[in-house]
Amino acid sequence: MAIIRLACFAASVFATWAPRLYAYYSSCLESLLAHDSVLIRNFIGSVWAVVAYNFGPRTVTWRHRDFHNIPFGWCCITALGSFDYRRGGHLVLWDFGLVIQFPPGSTVLIPSAIVAHSNTSIARGERRYSITQFSAGGLFRWVDHGFQTEKYFFESLNEDELRAEKERQSQRWTQGLSQFSTLDELADL
């Protein structure tokens with residue numbers, strides 16, 4: 000039950016701080032679930048397609064980017080365990096030069112595909128676990144392409160449709176940025 004509460008809390012944070020991006024994730028996941036009845040949602044109220052449990056017992060990640068995730072998307076990381084967060088287990092956001100205390104029970108949402116991140120080690124005898132929720136970029140493409148691979152999708156297009164699709168793809172970065180909210184927009188909600 001506690002894991003479900005953590006997952007729903009993270010989804011609520013996502014919906015609060017990035018309502019358009021949350022809606023985009025929700026729409027994609029709902030489409031996937033409607034298209035394939037074998038698929039099961041990880042948690043009621045969550046919009047991420049994947050949950051990963053890192054059982055440690057001393058979970059540490061090296062500097063990396065989650066390049067399979069959607070570039071403008073958010074990944075959710077929750078730290079768990081029993082460790083002195085003042086001395087270890089810090090979240091490192093390399094591109095910003097930030098080292099952030101990240102106590103057990105903390106949750107953060109980051110664009111993990113484009114921001115290099117890691118966490119620092121903890122002391123001997125301490126425990127650190129994490130739960131990560133994310134959705135791979137390929138799932139969004141699968142839905143956008145009518146539940147088929149890019150190969151079959153592009154093969155099915157005529158010349159005009161192909162031109163339109165290439166134009167749409169050239170605008171993907173702008174479309175991604177449009178998913179984010181400004182503080183002024185959030186204040187007006």
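Numbering-wise (numbering that gives the first Met the number 0), the sequence shown opens with residue 0 and increments by one.
Here a beta-carbon is modelled for each residue, glycine too, at the ideal position from N, C-alpha and C.
Y84 has its alpha-carbon roughly 53 Å from the corresponding atom of S155. Residue pairing by DSSP places L90 opposite I99 and N118 in a beta bridge. Check the Cα spacing between F133 and each of R127, T148, S111 and K150: the tightest is with S111. Residue I130 holds the alpha-carbon nearest to the alpha-carbon of P56 among S11, I130 and S30. Here W47 is buried, its C-beta having at least 16 other C-beta atoms within 10 Å. Taking a 10 Å sphere around the C-beta of R19, we find fewer than 16 other C-beta atoms and assign the residue as exposed.
One Cα belongs to A6, the other to F153, and the distance between them is close to 36 Å.
Of the other Cβ atoms in all chains shown, 16 or more fall within 10 Å of the Cβ of G80; this residue is therefore buried.
Counting every other CB atom within 10 Å of its CB across the protein chains shown gives R167 a total below 16, marking it as exposed. Distance from the CA atom of G124 to the CA atom of F82, rounded to whole angstroms, is 9 Å.
Your pair L108 and V12 checks out as a contact, with CB atoms roughly 6 Å apart and the cut at 8 Å.
DSSP places G124 outside any alpha helix (DSSP H), giving it a letter other than H or E.
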